Each structure stands twice: as structure tokens, then as C-alpha cells.
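Novice: Numbering follows my numbering, with no gaps: position 98 of the sequence shown is 105.
We treat Cβ as the ideally placed atom computed from N, Cα and C, and that holds for glycine.
As the structure is a prediction and not an experimental result, all values here were calculated from the model.
Here you go, one structure.
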Amino acid sequence: MQKRVHQLWIPGFLTMALSIVFLVTLQKLGFNARMVSWRDSDIFFFAPWLVSLPFLGALGAYISSRAGGSRGTVLLASIFPVLALTAAFLLMFPIGFITERIIGRQVDFSNAATTLLRDGTGWILIPGAALFVGGLLVHFLFSRRPSSQDTVIG
């Protein structure tokens, strides 16, 4: 359990926290998302934040790698914010359904979740790809370094 905390959860939550803090900071400084039309819908495109995501994904992957994480754990730590956001979006449906049954009136979670999932390209796929690029970069950099176990003393 201790290894999983150091290899996945701490790097993953750090990556998520830093990405959220950076996004909020950019918004407070007056940067706004751009609307880009794609097929039938509009996608929010927040360029300064998206540029930072490979670095944040690389940071999470680096911390996970330093803690001894496997290839899968390292890459999972780098894309952790997108996985958490996807889980939150998907949980809106059952939570909204249960809440409607308990309080007896309609809750707007389903409308918000439907909109977010429809616009998942801008909130999930593009940021996930940016985080993954950073994680892959760190993985390739650290997988090429020989470890102390690989060196042969002759």
C-alpha cells in the first residue's frame, strides 16, 4: 500500500492540483478560453493551460518514476487529472439520479453531465493527450538510463 501511495497517488494528485491551480490562476489573470468550432459543436480551447500540461504530466511521471513506479504506473500518474475528471463526469449521472429520487424533484446534474460529455474532446481528450505526451517523454528519458542493476562490473 505504501508503494502505491508514493508511486501513484501522490504524483497523480500533485499533477491534478497543479493543473487546477494553474488553470484558475490563468483565469484570474484574465486569460480566457477560445471557442473553436469542430464538426457540430464548439470546443473550449485554453492554449496557455494546454501548453503547461505536458510539463505537469512530465512532473507527475518523474515523481512516480523516482519512487520506483512501473511503466504503467508512471504513465497513469501523468494522466491522473484527466482520469479523475472523467470519473467525476461519469458519476454525475448516478448521483443525479439518486438525488432526484431522494428529494423528489429534478436536479440539473444530468444536463451538465451531458454537456460535459458531449464536449469531452475539449475537457478530456486534448488535455489527456497533452499530459500523456509529458509522461511519455519522461518515460523514454528514464527508460534509456541504465540502472545500477543493469551495469556489469567486469
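For the stretch 27 to 37 against the stretch 65 to 78, do three or more pairs of beta-carbon atoms, one drawn from each stretch, fall closer than 8 Å, so that the two count as touching?
Specialist: The stretch 27 to 37 vs the stretch 65 to 78: no contact.
Novice: Applying the 10 Å Cβ sphere with the 16-neighbour rule, what's the burial state of residue 32?
Specialist: It is exposed - the Cβ of residue 32 has fewer than 16 other Cβ atoms within 10 Å.
Novice: Per DSSP, residue 108 forms a beta bridge with which residues?
Specialist: Bridge partners of residue 108: none, in fact.
Novice: Start and end of the alpha helix (DSSP H) containing residue 75?
Specialist: Taken as a continuous stretch (DSSP letters only), residue 75 belongs to no alpha helix (DSSP H), as it is neither H nor E.
Novice: Per DSSP, what kind of secondary structure is residue 139 in: helix, strand or coil?
Specialist: In this structure, residue 139 counts as helix in the three-state DSSP scheme.
Novice: Buried or exposed, going by whether 16 or more other CB atoms sit within 10 Å of the CB of residue 14?
Specialist: Counting Cβ neighbours within 10 Å, residue 14 comes out buried, since at least 16 surround it.
Novice: Quick one: Cα of residue 9 to Cα of residue 44, how far?
Specialist: Those two C-alpha atoms are separated by around 46 Å.
Novice: Does DSSP put residue 20 in a helix, in a strand, or in coil?
Specialist: Note: residue 20 maps to helix in three-state DSSP.
Novice: Using a Cβ-Cβ cut-off of 7 Å (strictly less than) and excluding sequence neighbours within five positions of residue 131, which residues of its own chain qualify?
Specialist: Counting only Cβ-Cβ distances below 7 Å, and skipping sequence neighbours, we find 89, 92 and 93.
Novice: When you compare only the Cα positions, how much space is there between residue 69 and residue 12?
Specialist: Approximately 15 Å between the Cα atoms of the pair.
Novice: Taking DSSP as the reference, what is the three-state secondary structure of residue 38?
Specialist: Coil.
Novice: So, is residue 156 buried or exposed, given that buried needs 16 or more other C-beta atoms within 10 angstroms?
Specialist: Caution applies to residue 156, whose pLDDT of 48 falls short of 50 and renders its modelled position unreliable; the model cannot decide the point.
Novice: CB-CB under 7 Å to residue 56, same chain, minus the five flanking residues each way: which ones, in chain order?
Specialist: Only 29, 30 and 33 meet the Cβ criterion.
Novice: In three-state DSSP terms, what is residue 2?
Specialist: In the structure as shown, the chain begins at 8 and stops at 161. Residue 2 is therefore absent and cannot be evaluated.
Novice: Looking only at its chain, what residues have a beta carbon closer than 6 Å to the beta carbon of residue 158, apart from the 5 residues adjacent to it on each side?
Specialist: For residue 158, the predicted structure reports a pLDDT of 47, less than 50, and the residue's modelled location is therefore unreliable. A value from the coordinates is still provided. Cβ within range, chain order: n/a, list empty.
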